[in-house]
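Participant: Next up is a structure, given as structure tokens.
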Amino acid sequence: MGTYVLRRLLLAIPTLLGVTFLVFLIVRALPGDVIEIIVGQYTPAGLGEEAREQVRKDLGVDDPFLVEYFQFLGGALTGDLGTSLQSRQPVTSEIQDRLPVTLELGIMAMFFSLIIALPIGVLAAVRQDSWADYLARSTAIGFLAIPSFWLGTIVIVYPNVWWNWAPPIEFKYFWEDPVDNVYMLSIPAAILGIGLAGSVMRLTRAQMLEVLRQDYIRTAWAKGLQERSVVMRHAFKNAFIPIITLIGLQVPIVIGGTVVLETIFNIPGMGRYLVEAILVRNYTVVQGVNLLIALTVILSNLAVDVAYVYLDPRLRHA
Amino acid sequence: MAKAAETALVLAPPESHRRARGWFRGLWRFARRKPLGAFSAIIIASMLLAAALADTQVLTGFADSQPLLAPDHFDKQELTATLEDPSWEHPFGTDQLGRDMLSRVIYGTRTSVLVGLGSVVLAAMIATTVGVVSGYFGRWFDVAVQRVVDVWISFPALVLLLTFVEIAKGHIGLDPKRQTAALTVALGVLLAGGASRVIRSATLAIKNNAYVDAAICLGASHPRIILLHILPNVAPVIIVLTTLQLGTAILAEATVSFLGFGVPPPLPSWGQMLSRDGLLFFRVDPWLAFFPGMAIALAVYSFNMLGDSLRDVLDPRLRGSVAVSSGRSVG
Amino acid sequence: MEQSEYWSRFWQRRLTRRRVLTTAAWGGAGLAAAGFVGCGDDDDDGGEGTGSPTGAASPTVAQPFTGGRLRLTASDPAGNLDAHKNITFTVQVANGACYSRLLRSMTAPDDPSTPELDLPKADWFRPVPDLAAEYEAVDDESLTWNFKLQDGAVWHSLPPINPLGRPVVPDDVVAAFEYYRTARPDKGINLAAIDSMTAAGTDTVQVKLKQPFGPLLIMLSSPSDLWIYPPELIESGEMNSKMVGSGPWVFKSYQQGVSMIADKNPNYWEKDEQGNPLPYLDGLDQFYITDKNQEISQYSAGQLDTILSLPAQLVDTVMDQVSDSILSQTVANLLFFLFFPPSAFQANKPPFNDPNVRKAVSLAINRDALLNLASAGKGGVWHNLVNGGTFWWVDPQDSSAFPEGEFFEHNPQKAKELLTAAGFADGLDINLHFTNNAYVNAVPSYNPQAEALPQMLAEAGINATLVPHDYQSEWINPQVGIFLGGLQEDNAIAWALETPVPHPWNQFVNQFTDQPRNHSKINDPDMLALIGDLGAESDFDRGSKIALSIMKRNAEMMYYVPAVGAYGFGVRRGWFERTYDGPTSYGGYTEEAVRSQIDVSQQQG
């Protein structure tokens, strides 16, 4: 197992380098007149060449290509992601409060998706092709099909019209007020979780069907064990392991989903910050946020892979 | 209709290929075994029909564009009849500019189908090339290609999509048609990353079969083996994957519109209708969001259900692997 | 103390009966009474409603509500708190809380029983003291002005002010003016008539003008111009991340995308008529909520005290749901208009070089339909070149005052005739440029109106294709944007709106002189002469006549095609009964919120 983890870690290095390179390319892919646009937008007009120089320096596009890349890489390694074109603050300091919020929202959303999807998936598999199976799958895929911003708006409007309810207005960080924080995040997390549940349910059902056909399940039935025991202790425990992989693969999806829900629910996370930055062409922020999100995804996938090996005894002892 | 015929072609058992009656039998069997899948296929067929025949453009070879299935042109305004509830005259009501919402939803199908189909076909082409080649040749080539794919799928699709669309804008300007095209291409490229993984695993599984070894021993060239032995066997995976990803693509278009980066007016798109006036006037006129919202939900539901059913029918062994990369990957 | 004739004319016709009544009803707690202290002799000529407004009201003293925090939403200044480096209303609104200007605009207590603005039109944008307690011209040509600062005006006790809480001195104002002139992209063009600003003694700032400048006082009260920033903060380089000023509220925190929180300034110089310290409220909580549904839900749940901008279509449903809501209507001072390509005026390129073609565009527009679209039948005005929410506006529908209004009527037939006469009998193919989704939250009617225009133009034979643009990079970008840089095609028009400026002169300068906001790069010597006259004019009525000539000239040449202005709406909860309103809200935290009161015993949330 140790060698596997080591190999997995080594493989992550080229990925990390690739991610930094792709992010680095974002600014270079901008059309040539972007300097003019940014000068017009962010610096007093009439400064001419001096202002252009500053913008080129901010974007890191004033040196030969490779030199620029290594400067960018060096900056990224030391936590220096440049200066926000708009607020002139370091990008890192603007991100550091927002990243935990998005992560928290994402983790809560995954939690919700699991508590919805696992029971439905197991039920659908055990009662394959029954009306319960159809209903469960239809519901799960139906939730997946509803745009989250529509569902979000429904949640904001109807409970308000009926009971004058609204979520808390002021965002509190977890370390400021854990109760308020969890209360406020749980609503968008549930909406996001409902959307994610479709895929998890589907995989749970498929894995359960696979496992239920195995010989050892037949043996368990033959021993005269109760259905609950067969399904939960024998089948589900084995079916659950591959589901962990899916959770890892859903990390980018979850982060994508937070972009929308942070906007509707006024949550100061990375997603909303990125949308605002793209809208005003704040490219240093776009670069920094993209890099951090990709890093988050890579690290969580690494963690999931390691956990997978640890949880599966066949792999652990291999 | 074309879509249903295609489905039948895939589903029908090989011996009945030559007989048209066999198609119908295959369809009927599919419908009986997978009622939800059949229901979804009907919805998808109507959607394709609506997209093609919203007006007479397709029938007349783009010479003329009189509304056909849609009661009115999508931009015909009646400023004295704004924000109306559904009625006989306007079954889906009217929007803020007094435009018939039924017509706009029907025309909006066109945007969804163009963006959805376009991006998914592009994704399938890229993913197949990358997945098959990488899986087939294996070794260091595979390792290298898979590291690129790692990078590819490390970015949340929505995040990268917004970034792409904004960068593209600077290059191609704001012409609505070109922007729609850029969105389609960006979405296609993004969807291809995850899909290529699935196709690669399928390729790996097939490569280890004896008949591939036999072909190699007989001295068949690599292109020949890929085209004759690998691709036909990977095809079911691609079809299932494509169907599932269509739902994703339609949701993505809607989400991007909600965030203000989507298809610009006056072109109608479901996402744009749902997200702008639809949400702003939700308290006074929930119908405004209801119909485009339902259109999106129904389309995404149908593509997912059909994809699931196709997978069960085509190859039950694929269940696990395809589920992983399908579903909601944007928003 | 000598008062310029400009303002004495203003004074004479301002106090309507209704205003006296509302003032009385408010028990004299009302009106920016302190504003009149420095104006001395302006009321000595008797007539209807004379006496200072405070005096006119017989004060039945009502105890003011004190305490409570005002919770509201606003547009996020997006990481910028320096209104000179970023000339946009979002920063100006935020600055209004913590900074002072030399003067501010007049406001009046709002009568909760009627939605209309209670400040009489003649008082709109009337400057009253802010940091400058008294001001006067000290020479006969009104070229030298003295501004005496408020006694007891001190900077907030926050770093980098050194020493903490020190008084505001004339040199601070001079430094702030210097910063205004150097930091701004427009180099402070609106106050270009000021030759110098110097300290004259320990409490007075002396302003010397290059030439007579009638709009001086209003321009000094404009939230778009001179904010008094402390020199320590300017030098510290922290202007973007915090606000340390001398205004009614002390900056506590700003978090982009979340909130701006400010507490009341315990050392604020202003007192009410009973000598109670102002502001009455304990603080301001400004949340940056971008989703309208979310904002309404927060309001109905009692977690927001007010919604400043509510789309007309939603007014009834919100009033129904939240039954203690008080409705207020704002004046229509956003100027919606169409403009033409510079090539028409600079290079005489057809089709828009011909005034008849430009008039045809105006005749094709159905202004009533546009108004209905924006206001959901709740009304508004037809703009002239001067917007309907500013003094000197003349109603284009009033044919006796403005016969040129015939070109504002909806008359597609006549538009066609004009086009035919201009040689476009077969109609005209053009692009209609606009900025897509830029104002979805602040001005929700902009986009639908843009989408409604092509169908109207088509009736007159003008075939317009909508071309959407990105706001930041392609619209207001002074280097390459359409709004500030001009249309690059000949066959094109653009749909735009101008945010309000307090003085029509300011707008004319923007639109017709060598400025980025001269959207069509118009160069009309006759127009420039009129604008020059207006800038030098210090008499209100004579100014009004010159402004009318400018509007007539515009209508004859149809340089800009003014559209319509729907009334805006806002609501507030019953416990937020006592507030002030005026025609502008950009500096509202100083002007309105400083005297706003909340009944804390009723407040929810």
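So the protein lines, in turn, are chains L, C and X.
Going by my numbering, the first sequence opens with residue 1, and the numbers climb by one from there.
Going by my numbering, the second sequence opens with residue 319, and the numbers climb by one from there.
Going by my numbering, the third sequence opens with residue 650, and the numbers climb by one from there.
By construction, the Cβ of each residue, glycine as well, lies at the ideal position given by its N, Cα and C atoms.
For a contact defined as C-beta to C-beta under 9 Å, what are the partners of Gln645(X) on chain C?
Facilitator: The structure shown has nothing for residue 645(X), since chain X only spans 650 to 1254.
Participant: Please confirm if Gly1223(X) has its CB atom under 8 Å from at least one CB of chain L.
Facilitator: The residue labelled residue 1223(X) in the question sits at position 574 within the third sequence. So no, Gly1223(X) is outside the interface.
Participant: What three-state label does DSSP hand Arg1202(X) in the structure shown?
Facilitator: Sequence index remark: in the third sequence, residue 1202(X) carries index 553 (1-based). Three-state DSSP puts Arg1202(X) in a helix.
Participant: Can you have a look at Gly565(C) and say buried or exposed, based on whether 16 or more other CB atoms are within 10 angstroms of its CB?
Facilitator: Within the second sequence, residue 565(C) is the residue found at index 247, counting from 1. Its Cβ being crowded by 16 or more others within 10 Å, Gly565(C) is buried.
Participant: Whole angstroms are fine: how far does the CA of Gly1134(X) sit from the CA of Ala1242(X)?
Facilitator: As a position in the third sequence, residue 1242(X) is number 593, starting the count at 1. As a position in the third sequence, residue 1134(X) is number 485, starting the count at 1. Their Cα atoms are separated by approximately 37 Å.
Participant: Determine whether the Cβ of Arg52(L) lies closer than 8 Å to any Cβ atom of chain X.
Facilitator: Taking the first sequence and counting its residues from 1, one reaches residue 52(L) at position 52. It does not: the Cβ of Arg52(L) has no partner Cβ on chain X nearer than 8 Å.
Participant: Between Val1116(X), Leu1034(X), Glu1205(X), Val1249(X), which lies nearest to Leu1102(X) when the distance is taken from Cα to Cα?
Facilitator: To locate residue 1102(X), count along the third sequence from 1; it is residue 453. Closest by alpha carbon: Val1116(X).
Participant: The ligand GDP heavy atoms versus the CB of Gly1135(X): any closer than 7 Å?
Facilitator: The ligand GDP is absent from the structure shown, which contains no ligand whatsoever.
Participant: If you draw a straight line from the alpha carbon of Ser895(X) to that of Pro809(X), how long is it in whole angstroms?
Facilitator: By 1-based counting over the third sequence, the position of residue 895(X) is 246. By 1-based counting over the third sequence, the position of residue 809(X) is 160. Each residue's alpha carbon lies about 13 Å from the other.
Participant: Skipping 5 residues on each side, what residues in its chain have a beta carbon closer than 7 Å to that of Ala567(C)?
Facilitator: Along the second sequence, read from residue 1 onward, the residue named residue 567(C) stands at position 249. The residues are Val433, Gly434, Ser437, Val438, Leu505, Leu509.
Participant: Could you tell me the distance, in whole angstroms, from the CA atom of Leu135(L) to the CA atom of Leu103(L)?
Facilitator: Indexing the first sequence from 1 puts residue 135(L) at position 135. Indexing the first sequence from 1 puts residue 103(L) at position 103. Straight-line Cα distance between these residues: approximately 32 Å.
Participant: Which runs of the alpha helix (DSSP H) spanning at least 4 residues fall entirely within the segment 765–845 of chain X, listed in chain order?
Facilitator: Entirely contained in the segment 765–845 of chain X, the alpha helix (DSSP H) runs reaching 4 residues are, in chain order, 819–832.
Participant: So what's Ile557(C) in DSSP terms, helix, strand or just coil?
Facilitator: The residue labelled residue 557(C) in the question sits at position 239 within the second sequence. The answer is helix: DSSP assigns Ile557(C) an H, G or I state.
Participant: Using a beta-carbon distance cut-off of less than 9 Å, what residues from the segment 931–944 of chain X approach chain C?
Facilitator: Listed in sequence order: Asp940, Lys941, Asn942.
Participant: What is the DSSP secondary structure of Gly684(X), counted as helix, strand or coil?
Facilitator: One-based indexing of the third sequence puts residue 684(X) at position 35. Since pLDDT at Gly684(X) reaches only 32, below the 50 mark, its modelled position is unreliable, and the value read off the structure follows with that caveat. Helix.
Participant: How would you list, in chain order, the residues of chain X whose beta-carbon sits under 9 Å from the beta-carbon of Leu401(C)?
Facilitator: The residue labelled residue 401(C) in the question sits at position 83 within the second sequence. Result: Gln962, Ala1025.
Participant: Just the chain L side, please: which residues come within less than 8 Å of Ala510(C) by C-beta, in chain order?
Facilitator: As a working note, residue 510(C) is residue 192 in the second sequence. Ordered by position in chain L, no residue passes the 8 Å Cβ test against Ala510(C), which lies about 15 Å from the chain.
Participant: Taking Cβ-Cβ distances shorter than 7 Å, what residues in chain C pair up with Thr966(X)?
Facilitator: Counting from one through the third sequence, the residue named residue 966(X) turns up at place 317. Near Thr966(X) (Cβ distances below 7 Å), the residues of chain C are Arg601, Val602.
Participant: What are the residues that DSSP puts in a beta bridge with Met908(X)?
Facilitator: Locating residue 908(X) in the third sequence gives position 259, where the first residue counts as 1. According to the sequence provided, residue 908(X) is Ser. The question's Met does not apply to it. Answer is Gln904(X), Phe936(X).
Participant: Is there contact here, the segment 417–430 of chain C with the segment 528–543 of chain C, by at least three beta-carbon pairs under 8 Å?
Facilitator: No: the two stretches stay apart, fewer than three of their Cβ pairs being nearer than 8 Å.
Participant: Based on Cα-Cα distance, which residue from Tyr828(X), Val1035(X), Val967(X), Asp789(X) lies nearest to Gln947(X)?
Facilitator: Walking along the third sequence from the start, residue 947(X) turns up at place 298. Measuring from the Cα of Gln947(X), the nearest candidate turns out to be Val967(X).
Participant: Just by C-beta distance, which residues in the segment 1145–1162 of chain X are closer than 9 Å to chain L?
Facilitator: Taking 9 Å as the Cβ-Cβ cut-off against chain L, none of the residues of the segment 1145–1162 of chain X qualify.
Participant: Would you please state the rounded distance, in angstroms, between the beta carbons of Ser749(X) and Leu780(X)? I believe it to be under 8 Å.
Facilitator: In the third sequence, counting from the first residue as 1, residue 749(X) sits at position 100. In the third sequence, counting from the first residue as 1, residue 780(X) sits at position 131. Rounded, the Cβ-Cβ distance is 4 Å, consistent with contact.
Participant: For Pro178(L), return the contacting residues in chain X, with the cut-off set at a CB-CB distance below 7 Å.
Facilitator: Walking along the first sequence from the start, residue 178(L) turns up at place 178. Going along chain X, no residue has its Cβ under 7 Å from Pro178(L), so there is no contact; the nearest lies around 18 Å.
Participant: Roughly how many angstroms lie between the CA atoms of Gln904(X) and Asn925(X), to the nearest whole one?
Facilitator: The sequence position of residue 904(X) within the third sequence is 255, counting from 1. The sequence position of residue 925(X) within the third sequence is 276, counting from 1. Those two C-alpha atoms are separated by around 32 Å.
Participant: Kindly indicate if chain L contains any beta-carbon less than 8 Å away from that of Val631(C).
Facilitator: Here the question's residue 631(C) lines up with position 313 in the second sequence. Not one chain L Cβ lies under 8 Å of Val631(C).
Participant: Can you name the residues of chain C whose CB is closer than 9 Å to the CB of Gly18(L)?
Facilitator: On the first sequence, residue 18(L) is found 18 positions in, with the first residue counted as 1. The answer, in chain order, is Arg465, Val466, Asp468, Val469, Trp470, Ser472.
Participant: With a threshold of 8 Å between beta-carbons, can Leu628(C) be considered close to chain X, or not?
Facilitator: As a first step, residue 628(C) must be located in the second sequence, where it is residue number 310. Leu628(C) does not count as touching chain X.
Participant: Evaluate contact between the segment 1179–1194 of chain X and the segment 859–869 of chain X, counting only Cβ atoms and requiring at least three cross-stretch pairs below 8 Å.
Facilitator: Yes: the two stretches touch, three or more of their Cβ pairs being nearer than 8 Å.
Participant: Among Leu114(L), Pro313(L), Thr139(L), Gln96(L), whose alpha-carbon lies nearest the alpha-carbon of Ile243(L)?
Facilitator: As a first step, residue 243(L) must be located in the first sequence, where it is residue number 243. Selected option, being the one with the closest Cα: Leu114(L).
Participant: Report yes or no: do three or more beta-carbon pairs, one from the segment 189–198 of chain L and one from the segment 255–267 of chain L, lie closer than 8 Å?
Facilitator: Yes, the segment 189–198 of chain L is in contact with the segment 255–267 of chain L.
Participant: Report the CB separation of Val231(L) from Val122(L) in whole angstroms; it is logged as a contact under 8 Å.
Facilitator: The sequence position of residue 231(L) within the first sequence is 231, counting from 1. The sequence position of residue 122(L) within the first sequence is 122, counting from 1. Rounded, the Cβ-Cβ distance is 6 Å, consistent with contact.
Participant: Taking DSSP as the reference, what is the three-state secondary structure of Leu632(C)?
Facilitator: Here residue 632(C) is taken as the residue at index 314 of the second sequence, counted from 1. Reduced to three states, the DSSP call for Leu632(C) is helix.
Participant: Give the DSSP bridge partners of Val1213(X), in chain order.
Facilitator: Position 564 of the third sequence holds residue 1213(X). DSSP output for Val1213(X) lists Trp1031(X) as bridge partner(s).
Participant: I need the DSSP call for Gln712(X), collapsed to helix, strand or coil.
Facilitator: Along the third sequence, one-based indexing puts residue 712(X) at 63. Three-state result, Gln712(X): coil.
Participant: Determine, for Glu1100(X), whether the minimum Cβ-Cβ distance to residues of chain C falls below 8 Å.
Facilitator: Counting from 1 along the third sequence, the entry for residue 1100(X) is found at position 451. Yes, its Cβ sits closer than 8 Å to a Cβ of chain C.
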